[in-house]
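>
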Amino acid sequence: MGLQAPELIISSGSLAEVEKVLAAGADAVTVGDTRYALRASGHFDLTMIEAAVQLAHPQGKKVYVLVNALLHHEHLNGLEPYLGQLAEIKVDGIVFGDPAVFMTAKRVAPTLGLHWNTETTSTNYRTVQFWAKRGATRALLARELSLTEVLEIKRHSPIPIQVQVHGMTCIFHSKRELVSNYFRFQQREEAREEPLLLKEHVRKEEQYPIFEDQHGTHVMSNEDICMLEHLGPLIENRVDCFYIEGIRKSIDYNTQVVSIYRRAIDALLQDPQDPVNPDLVAELQKIQPANRPLGTGFYFKEQIY
Amino acid sequence: MTVKTKIKKPELLAPAGNLEKLKFAVLYGADAVYIGGQKYGLRSKAGNFSYEDMKEGVAFAHKHGAKVFVAANIMAHNEDFEGMAEYFQTLHQIGIDAVIIADPAVVDICREAAPELEIHISTQSSITNWQTVQFWANEGIPRVVLAREVSLDEIRKIKQHTDIEIEAFIHGAMCISYSGRCVLSNHMTSRDANRGGCAQSCRWKYDLFEELDGEENALFEEGDQPFTMSSKDLCMIEHIPELIDAGVDSLKIEGRMKSIHYIATVVNSYRRVIDAYCEDPEGFRFKPEWKEEILKAANRPLTTGFYFHNPTEEDQIFGLPPKMAAYDFAGLVLDYDPETKIALIEQRNHFKVGQEVEFVGPKRDKFIQRIDAIWDEEGNELDAARHPMQKVKIKVDHPVAPYDLMRKEK
Ligand code: SF4
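Chains as they are written, first to last, in my numbering: chain A, 77 to 381; chain B, 12 to 421.
(1) Do you know how far the Cα of glycine 243 (chain A) is from the Cα of leucine 420 (chain A)?
(2) Would a check of beta-carbon distances place arginine 153 (chain B) closer than 7 Å to chain A?
(3) Using a Cβ-Cβ cut-off of less than 9 Å, give me the residues of the stretch 113-126 of chain B that come near chain A, in sequence order.
(4) Would you say serine 250 (chain A) reaches chain B, if we count a Cβ-Cβ gap shorter than 7 Å as a contact?
(5) Would glutamate 288 (chain A) count as contacting chain B if we go by Cβ distances under 7 Å?
(6) In chain order, what residues of the same chain lie with their CB nearer than 7 Å to the CB of arginine 397 (chain B), ignoring the 5 residues before and after it?
(7) Report the neighbours of histidine 88 (chain B) on chain A: residues whose CB is nearer than 8 Å to its CB, in chain order.
(8) Keeping to the same chain, check which residues put their C-beta closer than 7 Å to that of alanine 275 (chain B); ignore five residues upstream and five downstream.
(9) Buried or exposed: where does methionine 12 (chain B) fall if 16 or more other Cβ atoms within 10 Å of its Cβ makes it buried?
(10) Please name the residue, chosen from A:Val94, A:Gly118, A:Ala145, that lies closest to valine 129 (chain A) on a Cα-to-Cα basis.
(11) Hey, is serine 212 (chain B) close to ligand 1, as in C-beta under 6 Å from one of its heavy atoms?
(12) On the DSSP letters alone, give me the boundaries of the beta strand (DSSP E) that valine 241 (chain A) sits inside.
(13) Ligand 1 and isoleucine 187 (chain B): does any heavy atom of the ligand fall closer than 6 Å to the residue's C-beta?
(14) Rounded to whole angstroms, what's the CA-CA distance from alanine 424 (chain B) to isoleucine 166 (chain B)? Just pull it up for me.
(15) Whole angstroms are fine: how far does the CA of histidine 119 (chain A) sit from the CA of arginine 418 (chain B)?
(16) Measure the C-alpha to C-alpha separation of phenylalanine 248 (chain A) and alanine 218 (chain A) and round it to an integer number of angstroms.
(17) Just checking valine 204 (chain B) against ligand 1 - is the residue's beta carbon closer than 6 Å to any of the ligand's heavy atoms?
(18) Taking Cβ to Cβ, would you say alanine 113 (chain B) is nearer than 7 Å to serine 136 (chain B)?
(19) When DSSP labels each residue in this structure, what does tyrosine 189 (chain B) get in the three-state scheme?
(20) May I have the straight-line CA-CA distance separating lysine 32 (chain B) from glycine 68 (chain B), to the nearest angstrom?
(21) What did DSSP end up calling proline 299 (chain B) once you bin it into helix, strand or coil?
(22) Quick check: does the Cβ of leucine 23 (chain B) come within less than 6 Å of any heavy atom belonging to ligand 1?
(23) Are valine 278 (chain B) and alanine 41 (chain B) close, meaning C-beta to C-beta below 7 Å?
(24) By the three-class DSSP mapping on this structure, what secondary structure does threonine 293 (chain A) have?
(25) Candidates B:Leu262, B:Ile132, B:Glu123: which alpha carbon is nearest isoleucine 181 (chain B)'s?
(26) Does the CB of glutamate 276 (chain A) have a neighbour CB from chain B at under 7 Å?
(27) Just how far apart, CA to CA, sit glutamate 164 (chain A) and threonine 123 (chain A)?
(28) Where does the unbroken alpha helix (DSSP H) through glutamine 380 (chain B) begin, and where does it stop?
(29) Around the Cβ of glutamine 238 (chain A), are there at least 16 other Cβ atoms within 10 angstroms (buried) or fewer (exposed)?
(30) So that I know if they touch, is there some Cβ in chain A lying closer than 7 Å to that of threonine 315 (chain B)?
(31) Going along chain B in order, which residues have a C-beta closer than 8 Å to the C-beta of leucine 273 (chain A)?
(32) Hey, would you say the C-beta of leucine 157 (chain B) is under 6 Å away from at least one heavy atom of ligand 1?
(33) Taking the straight line between their C-alpha atoms, what separation do you get for methionine 65 (chain B) and glutamate 97 (chain B)?
(34) If you reduce the DSSP assignment to three classes, tell me which class histidine 182 (chain B) lands in.
(35) At the level of alpha carbons, what is the spacing between alanine 70 (chain B) and alanine 77 (chain B)?
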């Protein structure tokens, strides 16, 4: 039986980037308006989102919009018209975490795909079923899951699931201005080039990007997930969507990463048991920034509690 | 005569790490307590309740007109489902009044297994707006616990738009992240924060660097405090009227790991403020002694969190927190003989002859007592009570009763 190709998705920060990653083989891009989006790679206003849709649709490709903020009341007023406009310009789906977005979308933009993503808390198949039953069309899984858990969720999920296969992840989100607060405490005005790097006192080699925006403070992982050599089991078990996080990476890097994963996936579709071509791995290692070690996240790690 | 406005008294909800703390919380004025069971809670290290303890706790609480809630607020993984349905059925049979749940999966399992068991949505879900409250109302949920990031103004708006119960934290430690949105521990220690494994990595020491042309540039100087992310503890003792007027239905105190002295003192202070305000809203004046009481038990500096503004550096702790609690729990009253004025005390911290101690009880005002003599149970005179849990007798001039606490200045 032929294997279904997974959808390859990457976040994009500009129209130029959208154009390049689609050309390199991405099936879809994720973009966002920073007012409603958490950790978008760049800011896309409605006109830009529409332009992205016009780039993608003729190629049979898709545009998803991040509406994944935890909403406070000041966001609610504009939400309804915004979702209506997204439906009008025919974006293919929105990514949401807050049920307020979900309810509003079902009311004013019922044609939009609804991709449920609560980041750290989408950890089991019953939760996926809960949201599927209420109308979510896709589930984005937490990164703190093992491969076994991911595959079990897939077996029980009535809707497509999306996993992250490459890039950094957010590991902490606070509403507070933690970096500014610190510098105010030290009574120092730092003109700083974000993201800053956070290093533990104890294990100084570990460094975590940290940045502030209108939604607060975000700390990102010290490693980039890289599942390039382990895509086989995901493809074989029909995991539906593969996500590459492009935040804080150059357009060139992201374009090449997409191209590498594209070629790996296409080869694996012939035979998912085949090892990935070592040239692709070497190609990736060559462009990987020195301070971003590659790892497999939690796919093969045990957690205790 | 002035006509007094009637206001609805909110519930005072207190943590109870074990059966003994549950009893203190109830006697010192909690209308409801929340506890952890053996499974599915976020405090794997808090003394959690066996089913037997729960039964006794429920019997005790119900006898005193108080409710018992059980926290089952993990973000579940697939493997956690085993035994979960039976767990909720058992809680229901035991007579637990409600469960506090964060994960929609767990909500579903609980509803199927024990449809009559009331569900409250945990603060771990980070509910920050009225539409999300409405979502849960539509799901038939009678109460949600708000995110700690919600301001007093936002609470007012939520109450205007929705009509289910709102529970909000008024006191205690808090995550500096949006609850549920922090996996620092998972990444730094492989311990799952959302299943109770948090290693409080936010409070570790860090350094900040910026990257300039590929070079790392340190953003700290000799003598700086290290970067860290630690919030002062929430304390709303001076703002209870605003919370009640905003329509909060349940005022929640954090701290299942906290001591008996802490629970009793904090619960009792809030009890007095709530009662005083609801008794006579117009005539209400805040008494400084209520706050002084809190300060006798507080471990860390205090803040009003997000209620009035987005917290600043003033609401965080950098470097070593100042030593706070000025009082130690010295002993627990087990018995009192009004004829001889002799109290039987169980020692909790060293105290000695000549020292001044303070007695506090749930219902009456505190008083100071000088210890003139200490006897052991056999009647031998001692110069000090040195051993934990040692039972000794001392003379106390005013009547005291079991569950009264004796404390001393540090
Ligand atoms: S590390 Fe800090 S912010 Fe994160 S879950 Fe633990 S206590 Fe909360």
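Note that CB positions come from ideal geometry on N, CA and C, so glycine has one too.
The structure says:
(1) No statement about residue 420 (chain A) is possible, as the shown extent of chain A runs from 77 to 381 and does not include it.
(2) Taking the second sequence and counting its residues from 1, one reaches residue 153 (chain B) at position 142. The question names arginine, but residue 153 (chain B) in the sequence shown is proline. So no, proline 153 (chain B) is outside the interface.
(3) Ala113, Asp114, Pro115, Ala116, Val117, Val118, Asp119, Ile120
(4) Here residue 250 (chain A) corresponds to residue number 174 of the first sequence, with the count starting at 1. Yes - at least one Cβ of chain B is within 7 Å of the one on serine 250 (chain A).
(5) Stepping through the first sequence from its first residue, residue 288 (chain A) is reached at position 212. False, the Cβ-Cβ gap to chain B never drops below 7 Å.
(6) Stepping through the second sequence from its first residue, residue 397 (chain B) is reached at position 386. Result list for arginine 397 (chain B): His361, in chain order.
(7) Mapped onto the second sequence, residue 88 (chain B) falls at position 77. Result: Thr199, Asn200, Leu221, Glu225.
(8) Here residue 275 (chain B) refers to the residue found at position 264 of the second sequence. For alanine 275 (chain B), where only same-chain residues beyond five positions count, the Cβ hits under 7 Å are Phe35, Tyr39, Leu416.
(9) Working through the second sequence from its first residue, we reach residue 12 (chain B) at position 1. Unreliable positioning characterises methionine 12 (chain B) in this predicted model, as indicated by a pLDDT of 45, which lies under 50. The coordinate reading is nonetheless provided below. Burial call: exposed.
(10) Indexing the first sequence from 1 puts residue 129 (chain A) at position 53. Minimum Cα distance to valine 129 (chain A) is reached at A:Val94.
(11) Working through the second sequence from its first residue, we reach residue 212 (chain B) at position 201. Checking every heavy atom of ligand 1 against the Cβ of serine 212 (chain B), one is found closer than 6 Å.
(12) Position 165 of the first sequence, counted from the first residue, corresponds to residue 241 (chain A). Here the beta strand (DSSP E) through valine 241 (chain A) covers 237-243.
(13) Working through the second sequence from its first residue, we reach residue 187 (chain B) at position 176. Answer for isoleucine 187 (chain B): yes, Cβ within range of ligand 1.
(14) Past the edges of chain B, shown from 12 to 421, lies residue 424 (chain B), and the structure says nothing about it.
(15) Numbered from its first residue, the second sequence carries residue 418 (chain B) at position 407. Numbered from its first residue, the first sequence carries residue 119 (chain A) at position 43. For arginine 418 (chain B) and histidine 119 (chain A), the distance between alpha carbons rounds to 58 Å.
(16) Sequence index remark: in the first sequence, residue 248 (chain A) carries index 172 (1-based). Sequence index remark: in the first sequence, residue 218 (chain A) carries index 142 (1-based). Cα to Cα, the separation comes out at about 13 Å.
(17) The count along the second sequence starts at 1 and reaches residue 204 (chain B) at position 193. The sequence given here places alanine at residue 204 (chain B); valine does not occur at that position. Alanine 204 (chain B): yes, Cβ under 6 Å from ligand 1.
(18) Here residue 113 (chain B) refers to the residue found at position 102 when the second sequence is read from its first residue. Here residue 136 (chain B) refers to the residue found at position 125 when the second sequence is read from its first residue. Yes, they are a contact pair.
(19) In the second sequence, counting from the first residue as 1, residue 189 (chain B) sits at position 178. Coil.
(20) Translated into positions along the second sequence, residue 32 (chain B) becomes position 21. Translated into positions along the second sequence, residue 68 (chain B) becomes position 57. Rounded to whole angstroms, lysine 32 (chain B) to glycine 68 (chain B) spans 10 Å at the Cα level.
(21) For the purposes of this step, residue 299 (chain B) is taken as residue 288 along the second sequence, with counting starting at 1. It is helical.
(22) Taking the first residue of the second sequence as 1, we reach residue 23 (chain B) at position 12. No; taking the cut-off as 6 Å, the Cβ of leucine 23 (chain B) has no heavy atom of ligand 1 nearer than that.
(23) Mapped onto the second sequence, residue 278 (chain B) falls at position 267. Mapped onto the second sequence, residue 41 (chain B) falls at position 30. Taking 7 Å as the Cβ cut-off, valine 278 (chain B) and alanine 41 (chain B) qualify as a contacting pair.
(24) Residue mapping note: residue 293 (chain A) aligns to position 217 of the first sequence, counting from 1. Reduced to three states, the DSSP call for threonine 293 (chain A) is strand.
(25) In the second sequence, the residue the question calls residue 181 (chain B) occupies position 170. It is B:Leu262.
(26) Locating residue 276 (chain A) in the first sequence gives position 200, counting from the first residue. Yes, glutamate 276 (chain A) lies at the interface with chain B (some Cβ there is under 7 Å from its Cβ).
(27) Residue numbering aside, residue 164 (chain A) sits at position 88 when the first sequence is read from its first letter. Residue numbering aside, residue 123 (chain A) sits at position 47 when the first sequence is read from its first letter. In a straight line, the C-alpha of glutamate 164 (chain A) is about 12 Å away from that of threonine 123 (chain A).
(28) As a first step, residue 380 (chain B) must be located in the second sequence, where it is residue number 369. Where glutamine 380 (chain B) is concerned, there is no enclosing alpha helix (DSSP H), although the beta strand (DSSP E) it sits in stretches over 378-381.
(29) Position 162 of the first sequence, counted from the start, is the residue given in the question as residue 238 (chain A). Under this definition glutamine 238 (chain A) is a buried residue.
(30) Here residue 315 (chain B) is taken as the residue at index 304 of the second sequence, counted from 1. Judged by the 7 Å Cβ criterion, threonine 315 (chain B) is not in contact with chain A.
(31) Your numbering for residue 273 (chain A) matches position 197 in the first sequence. Near leucine 273 (chain A) (Cβ distances below 8 Å), the residues of chain B are Leu219, Phe220, Glu221, Glu222, Glu227.
(32) On the second sequence, position 146 is the one that residue 157 (chain B) refers to. False, no ligand heavy atom lies under 6 Å from that Cβ.
(33) Here the question's residue 65 (chain B) lines up with position 54 in the second sequence. Here the question's residue 97 (chain B) lines up with position 86 in the second sequence. One C-alpha to the other measures close to 16 Å.
(34) By one-based count along the second sequence, residue 182 (chain B) stands at place 171. Looking at histidine 182 (chain B) - three-state DSSP - the assignment turns out to be strand.
(35) On the second sequence, residue 70 (chain B) is found 59 positions in, with the first residue counted as 1. On the second sequence, residue 77 (chain B) is found 66 positions in, with the first residue counted as 1. Alanine 70 (chain B) and alanine 77 (chain B): Cα-Cα distance of roughly 10 Å.
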